[in-house]
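Down below is the structure, laid out as structure tokens.
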Amino acid sequence: MDYLREWELSFRLGMRPWIAVAYSAPVAAASAVFLIYPIGQGSFSDGMPLGISGTFNFMIVFQAEHNILMHPFHMLGVAGVFGGSLCAARSQ
């Protein structure tokens, strides 16, 4: 719902509405890490904690267990974040 509001507001101000599209990539990544991964693992204790040291520990363990950097969906996600920021930067 907020994406539609942001889309409409940027359209009314004469800006290109790609900011809402660019913002959807980090929201999708956060929901995947905080909701989808723990549900898939069967426990929310496997999810990413909110602290800095816990987040770094989660990233190291996740890379060691799943080799996430070479996963095609991770590569597509990174390309989506960079592509979305490029679209947002070009719209101004």
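For the sequence shown, counting from 1, position 68 maps to 68 in full-length UniProt numbering; every step adds exactly one. Every residue, glycine too, gets a C-beta built ideally from N, C-alpha and C. It should be emphasised that the depicted structure is a prediction, and the values quoted were computed from it without experimental measurement.
Same chain, Cβ closer than 6 Å to residue i, five either side skipped, listed in chain order
{"i": "Val-78", "result": "none"}
{"i": "His-74", "result": "Ile-68"}
Expected contact under 8 Å - CB spacing of residue i and residue j to nearest Å
{"i": "Met-48", "j": "Phe-58", "result": "5 Å"}
{"i": "Val-81", "j": "Ala-25", "result": "5 Å"}
7 Å Cβ shell around residue i - same chain, five flanking residues per side excluded
{"i": "Ala-88", "result": "Trp-18, Ile-19 and Ala-22"}
{"i": "Phe-34", "result": "Gly-47 and Met-48"}
Host alpha helix (DSSP H) of residue i (start-end)
{"i": "Arg-90", "result": "72-90"}
{"i": "Ile-19", "result": "18-31"}
{"i": "Gly-40", "result": "37-41"}
{"i": "Met-15", "result": "Here Met-15 belongs to no alpha helix (DSSP H), and DSSP marks it neither H nor E."}
{"i": "Phe-58", "result": "52-66"}
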